[in-house]
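Take the sequence shown: its position 65, counting from 1, is numbered 179 in my numbering, and each next residue is one higher. Where is the CB? At the ideal position from N, CA and C, for every residue including glycine. In this text, all values refer to a predicted model and were calculated from it rather than measured experimentally.
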Amino acid sequence: MAKLVAFLVVLLCGNLAAAASADLISVLEQLSEGPLARLLDLNIDPPPRTAGFSTLLPQKSIRLTCTKTREPRFQEILYGDVNLQSKLNFSLPLTIAIHGWQERNLSTYSALTMPYLRFANNTNYCLLDWRAYSEFGYQIAARQSVPLVAQYLFGFLQNLSLLYFPLQSVTLIGFSMGGQIAGLTGKLLPGRIGTIYALDPAGPLFSHPVDIGPKRRLDASDAQYVQVIYTSRYTAGFGKVLDGAQNFLPNKGYHPQQPCTAKGDGLSELAGALQCSHRYAVSLFVSSLDPNNPIIGKKCPTIFGARVCLMPTKDRLGIYAQRIRGDFYL
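And the structure:
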């Protein structure tokens, strides 16, 4: 049974983006996304929410907490908060971290926050808590929660802009669906967000089984600089390598990543290994924050379809990158 489910996931995740027409792509999207989303929901315990979405109010169900020092002294910023200038330091840049789907314990923030505050230059640092919307089934979360949360974050950043905070000083760090939220937020402020780091952005229902297009998912144009770390392409993570972004691809971006081989062929073992690869992007990004621990990618030219790495261009993964566009292999 486990092997059958795994086979179906791979089959449904096959990239159909080369379909001949927009109408056909739309039909394929409608036919395939429901079954794929239900497969993804199967491994969630407790099961995802299926009802109650319309009863939630974004102003009460989404929380933004921020610190303006290198210490984790977080204050909540309310919707339409009139005290923004006292809760943030407008002379410093702003970083906002965005967690992924079904992160009930906010494990991304647990891994990221202290290293980021320790190693990043002086910055305001915020955590966007959208758990109330992320606990729904995958299809609801991808199609309804992601754009709604992006709209909420857009409102916050727009208010900052009205107070003359420079949006080119804003960095969004998003894991999984958080990477897609970062991208949609950037689209609402075209060309104004400074930086997006997308840590294995979610792929199902975004890049596969059908690519829904750059207007509805993460794209290199969503910020002045976009860095993407791919660790589970065409499974849990985004499949398409984005033109115009700086892309880092350990193991060419595919599962399994180095520490993530399944120890059995049961469904739970296979799912655990895939989740390990998906989260490996967070591990790489966190490790790269230490300036003494460079993680180096190599950009190699392609000749007759093969990568040739005789004299590759090199760059660091993470916040110390020289921001060279292209594909860097680890």
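Q: Could you pull the start and end residues of the alpha helix (DSSP H) that Cys173 belongs to?
A: Counted from its first residue, the sequence shown places residue 173 at position 59. A small correction: the amino acid at residue 173 is Gln; Cys does not occupy that position in the sequence shown. Element bounds for Gln173: 172-175.
Q.
Using only the alpha-carbon positions, how far apart do Leu274 and Arg306 sit?
A. What you label residue 274 is simply residue 160 of the sequence shown in a count that begins at 1. What you label residue 306 is simply residue 192 of the sequence shown in a count that begins at 1. Whole-angstrom Cα-Cα distance: 12 Å.
Q) Got a sec: does the ligand NAD put a non-hydrogen atom nearer than 7 Å to the Cβ of Ile212? A) Of the ligands one can find in the structure shown there are none, so the ligand NAD has no counterpart to examine.
Q | Sequence-distant residues of the same chain with beta carbon closer than 7 Å to Ala435, five excluded per side | A | Start at 1 with the first residue of the sequence shown, and residue 435 comes out as number 321. Closer than 7 Å at Cβ, skipping near neighbours: Gln341, Gln360, Asp429.
Q.
Using a 10 Å radius around the Cβ and a threshold of 16 neighbouring Cβ atoms, would you call Thr60 buried or exposed?
A. Nothing about residue 60 can be read from this structure; the chain reaches only from 115 to 444.
Q.
By the DSSP assignment, the beta strand (DSSP E) with Lys445 in it spans what residues?
A. With the chain covering only 115 through 444, there is no way to say anything about residue 445.
Q | Backbone CA spacing between Thr209 and Tyr230 [nearest angstrom] | A | Locating residue 209 in the sequence shown gives position 95, counting from the first residue. Locating residue 230 in the sequence shown gives position 116, counting from the first residue. The straight-line gap from Cα to Cα measures roughly 10 Å.
Q | Cβ-based burial, Ala132 [other Cβ within 10 Å; buried from 16] | A | For the purposes of this step, residue 132 is taken as the residue at position 18 of the sequence shown. With a pLDDT of only 43 at Ala132, under 50, the local geometry of the prediction cannot be trusted, and no value is derived from it.
Q) Are the beta-carbon atoms of Tyr223 and Pro318 separated by less than 8 Å? A) Your numbering for residue 223 matches position 109 in the sequence shown. Your numbering for residue 318 matches position 204 in the sequence shown. No. Outside cutoff.
Q. Straight-line CA distance for Phe442 to Ala395?
A. Taking the first residue of the sequence shown as 1, we reach residue 442 at position 328. Taking the first residue of the sequence shown as 1, we reach residue 395 at position 281. The straight-line gap from Cα to Cα measures roughly 14 Å.
Q: Report the three-state DSSP secondary structure of Phe250 (helix, strand or coil).
A: Here residue 250 is taken as the residue at index 136 of the sequence shown, counted from 1. It is a strand residue.
**Q.** Complete beta strand (DSSP E) runs within the segment 375-440 (minimum length 3 residues, chain order)
**A.** 410-413, 427-430
Q.
For Gln272 and Phe279, I'd like the C-alpha separation in whole angstroms.
A. One-based indexing of the sequence shown puts residue 272 at position 158. One-based indexing of the sequence shown puts residue 279 at position 165. One C-alpha to the other measures close to 9 Å.
Q: Would you list the one or two residues that DSSP bridges to Val324?
A: Numbered from 1 along the sequence shown, position 210 holds the residue referred to as residue 324. Val324 is not bridged to any residue.
Q | Alpha-carbon spacing of Thr169 relative to Gln189, whole angstroms | A | In the sequence shown, the residue the question calls residue 169 occupies position 55. In the sequence shown, the residue the question calls residue 189 occupies position 75. So the two alpha carbons sit approximately 26 Å from each other.
Q.
If you follow the alpha helix (DSSP H) that Tyr223 is in, where does it begin and where does it stop?
A. Along the sequence shown, one-based indexing puts residue 223 at 109. 221-233 is the extent of the alpha helix (DSSP H) around Tyr223.
Q. Which partner residues of Asn197 appear in the DSSP bridge assignment?
A. Along the sequence shown, one-based indexing puts residue 197 at 83. According to DSSP, which records beta bridges pairwise, Asn197 is partnered with nothing at all.
Q: In the DSSP assignment, find the beta strand (DSSP E) that holds Gln341 and state where it starts and stops.
A: Translated into positions along the sequence shown, residue 341 becomes position 227. Run containing Gln341: 339-343, per the beta strand (DSSP E) assignment.
Q) What residue does the beta strand (DSSP E) around Ile310 start on, and which one ends it? A) Within the sequence shown, residue 310 is the residue found at index 196, counting from 1. Looking at the DSSP string, the run of the beta strand (DSSP E) that includes Ile310 is 309-313.
**Q.** DSSP bridge partner residues for Asp243 (one or two, in chain order)
**A.** Numbered from 1 along the sequence shown, position 129 holds the residue referred to as residue 243. DSSP, once it has assigned bridges, lists Arg177 as partnering Asp243.
Q | Residue burial classification, Leu398 (beta-carbon count within 10 angstroms, cutoff 16) | A | For this step, residue 398 is matched to residue 284 along the sequence shown. So Leu398 counts as buried.
Q.
If distances are taken between C-alpha atoms only, which option among Gly353, Gln294, Gly166, Leu156 comes closest to Tyr247?
A. Taking the sequence shown and counting its residues from 1, one reaches residue 247 at position 133. Comparing Cα positions, the closest option is Gly166.
Q. What is the DSSP secondary structure of Ala359, counted as helix, strand or coil?
A. Indexing the sequence shown from 1 puts residue 359 at position 245. DSSP places Ala359 in coil when its eight states are reduced to three.
Q.
Could you check whether the segment 344-357 touches the segment 375-383, counting it as contact only if at least three pairs of C-beta atoms, one from each stretch, sit closer than 8 Å?
A. no
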